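Here is the structure we will look at.
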């Protein structure tokens, strides 16, 4: 349970960092990149994070 939670948080943070840096290089707001990253890795995007109960708790 805890390993899965840490893996999901790590995926979310890494995706947010990478996509926001890409948006920064394109001259777009970084916060929009973080939102796009959340949509991509979330359960309705690529599905890398499926169980959102632990993340909803945060």
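Residue numbers (our numbering): 18 to 75.
Just so you know, even glycine gets a beta-carbon here, dropped at the ideal spot from N, CA and C.
Computed from a prediction, not measured in an experiment: that's the story for all the values here.
Taking residue 50 as reference, the option from 65, 25 and 32 with the minimal CA-CA separation is 32. Counting along the chain, the unbroken alpha helix (DSSP H) around residue 20 starts and ends at 19-42. When DSSP states are grouped into helix, strand and coil, residue 61 belongs to the coil group. Closest in alpha carbon position to residue 58, among 19, 27 and 20, is 27. By the neighbour-count definition (other C-beta atoms within 10 Å, threshold 16), residue 48 is an exposed residue.
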